Amino acid sequence: MCSNSNNNNISNSKLFNVTYLGSKEFWMLAITEQLKLCKQHIYRQKAAREKAKNNNTDFSTIFSTDNWLRDRKFFYLKIKQRLSSVRQPSVLTAYKNKLTFTNEQRDILYGCMLGDLSVRRAATNYSLKYSQSHIHKQYVGHLYDIFYNWCLTPPAPNLRTYVLHGKEYSQLQWQWDSISHPEITKLAESFYISKDPNSNIKTKTVPQYFIRDYITPRSVAYWFMDDGSKSDSTKNEGKGIMFATHGFSYNEVSYMSQELNTKCNWNTFVTKNKGKHVIVTSGRDYESFMELVYPYIHPSMYYKLPSKRK
Numbered sequence: 001m002c003s004n005s006n007n008n009n010i011s012n013s014k015l016f017n018v019t020y021l022g023s024k025e026f027w028m029l030a031i032t033e034q035l036k037l038c039k040q041h042i043y044r045q046k047a048a049r050e051k052a053k054n055n056n057t058d059f060s061t062i063f064s065t066d067n068w069l070r071d072r073k074f075f076y077l078k079i080k081q082r083l084s085s086v087r088q089p090s091v092l093t094a095y096k097n098k099l100t101f102t103n104e105q106r107d108i109l110y111g112c113m114l115g116d117l118s119v120r121r122a123a124t125n126y127s128l129k130y131s132q133s134h135i136h137k138q139y140v141g142h143l144y145d146i147f148y149n150w151c152l153t154p155p156a157p158n159l160r161t162y163v164l165h166g167k168e169y170s171q172l173q174w175q176w177d178s179i180s181h182p183e184i185t186k187l188a189e190s191f192y193i194s195k196d197p198n199s200n201i202k203t204k205t206v207p208q209y210f211i212r213d214y215i216t217p218r219s220v221a222y223w224f225m226d227d228g229s230k231s232d233s234t235k236n237e238g239k240g241i242m243f244a245t246h247g248f249s250y251n252e253v254s255y256m257s258q259e260l261n262t263k264c265n266w267n268t269f270v271t272k273n274k275g276k277h278v279i280v281t282s283g284r285d286y287e288s289f290m291e292l293v294y295p296y297i298h299p300s301m302y303y304k305l306p307s308k309r310k
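Given below as structure tokens:
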């Protein structure tokens, strides 16, 4: 039976009420430093005045505009130097430091990485990007509800344009993006590799033994909702399932199929669809598939499932 071998002990992650850490101390330090330098400047002025008075010196030679500007420049440089030496974590940085995936999020993340979930490079780490067509708006919202604590903004419409057979098309999609994070970077480095040593372009792949070691029934369900369908889409009589693995190589699809068979005790096989290799489950595995996967299927995706046996 397809079992859960993901043994990560991760506590439930909830949205933290993070305040600006150290902001009060930060500004108190700035004000204190300004007052101290102002006092020093006043003392220097008094001492200079006394010296000028005793020596019958013209005040204008001491408190000239150039001297005043030079002192002010020194004043602001000292303030800037002191403030820059005090490193205050931002709200987002403090939040990221406490953020980790829950077991449920991780299961779904792994399944969606086999499907439509992708990553994008930010300044230092990677972030998640998920988009689906407008007809799957409810499902996109469902995934956002699961990963809400990793996102700064809710799903938004996005008009995607693409060229197919020389003709340009437009499709309305719904998309959400996560914050960048080291945990996502680790995931990205496992799934995206450069297959050409002379190129910096990275291609999505599937790490060997990934299905065996990390995939759970919940993961399979979300993989199916992303890229699965009935294998018999014309007569709607068959009970087989097809996973659209068109973007992976034959070797990758082949060992994914083998690992699914071992993990879930299914009889999947590799066949071609639209000139690419896909994974298909046997109709004999229908009851087992439904028992394992159906509890995690979102209602908006029920239409993808084969009909019940008569």
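If you count the sequence shown from 1, position 289 lands on 289 in UniProt numbering, and the numbers rise without skipping. Cβ coordinates follow ideal geometry from the N, Cα and C atoms, glycine included. Since this is a predicted model, take the numbers as computed values, not measurements.
Taking residue i as the reference, which of the options has the closest Cα?
| i | options | result |
| --- | --- | --- |
| histidine 136 | Glu189, Thr216, Leu172 | Leu172 |
| lysine 183 | His246, Tyr110, Thr216, Glu259 | The sequence as given places glutamate at residue 183; lysine does not occur at that position. Measuring from the Cα of glutamate 183, the nearest candidate turns out to be Tyr110. |
| aspartate 232 | Lys202, Trp150, Pro306 | Pro306 |
| proline 217 | Lys308, Ile201, Asn149, Phe289 | Phe289 |
| serine 178 | Thr100, Asn261, Lys308 | Thr100 |
| tyrosine 209 | His246, Asn251, Phe224, Glu104 | Asn251 |
| glutamate 104 | Ser219, Glu189, Pro154, Pro207 | Ser219 |
| threonine 153 | Arg309, Lys129, Met113, Ser229 | Lys129 |
| alanine 156 | Ile108, Gln132, Asn261 | Gln132 |
| cysteine 112 | Thr281, Tyr302, Asn267, Ile215 | Ile215 |
Rounded to the nearest angstrom, what separates residue i and residue j at their Cα positions?
| i | j | result |
| --- | --- | --- |
| phenylalanine 191 | lysine 239 | 31 Å |
| isoleucine 279 | valine 253 | 7 Å |
| lysine 167 | lysine 276 | 22 Å |
| glutamine 175 | alanine 123 | 21 Å |
| valine 91 | threonine 203 | 34 Å |
| glutamine 180 | tyrosine 222 | As written in the sequence, residue 180 is serine, which differs from the glutamine given in the question. Roughly 22 Å between the two C-alpha positions. |
| leucine 29 | arginine 121 | Only weak support is given to the placement of leucine 29: the predicted model assigns it a pLDDT of 47, under 50, and the value that follows is read from those uncertain coordinates. Using only the alpha carbons, I get a separation of about 36 Å. |
| serine 118 | aspartate 213 | 21 Å |
| alanine 244 | alanine 94 | 39 Å |
| valine 293 | lysine 304 | 12 Å |
| leucine 187 | aspartate 227 | 20 Å |
| threonine 205 | isoleucine 211 | 12 Å |
| tryptophan 150 | lysine 96 | 9 Å |
| asparagine 200 | threonine 185 | 17 Å |
| serine 249 | serine 229 | 20 Å |
| threonine 65 | leucine 159 | Confidence at threonine 65 is low in this model, with a pLDDT of 43, below 50, so the placement of that residue should be treated as unreliable; the coordinate-derived value is given next. If I take the Cα positions, the gap works out to 60 Å. |
| methionine 225 | lysine 98 | 30 Å |
| histidine 165 | histidine 246 | 18 Å |
| glutamate 189 | serine 170 | 31 Å |
| threonine 281 | tyrosine 162 | 31 Å |
| glutamate 291 | lysine 308 | 12 Å |
| residue 312 | histidine 134 | Any question about residue 312 goes unanswered here, given that the chain covers just 1 to 310. |
Name the DSSP beta bridge partners of residue i, please?
| i | result |
| --- | --- |
| lysine 167 | Leu164 |
| aspartate 177 | Lys129 |
| cysteine 151 | Ser178 |
| lysine 276 | Asn273 |
| proline 157 | Trp174 |
Under 7 Å between C-beta atoms, does residue i make it to chain B?
| i | result |
| --- | --- |
| glutamine 105 | Among the chains in the structure shown there is no chain B, since it carries only a single protein chain. |
Does the region 188-206 come into contact with the region 263-273, if we say contact requires no fewer than three beta-carbon pairs (one atom in each stretch) closer than 8 Å? no
Can you confirm whether the region 298-306 touches the region 131-145 when touching is taken to mean that 3 or more C-beta pairs between the two stretches lie within less than 8 Å? yes
Measuring CB atoms only, is the region 248-266 touching the region 140-158, in the sense that at least three cross pairs come out at less than 8 Å? no
Where in the region 93-134 do unbroken runs of the beta strand (DSSP E), each at least 3 residues long, occur, reported from the N-terminal end onward? 118-121, 126-133
Stretch pair the region 115-131 + the region 281-291: three plus CB contacts closer than 8 Å: no
Continuous beta strand (DSSP E) assignments of at least 3 residues falling wholly in the region 181-254: 228-230, 241-243
Just list the alpha helix (DSSP H) runs in the region 276-303, keeping only unbroken ones of 4 residues or longer that don't cross its boundaries, in chain order. 286-293
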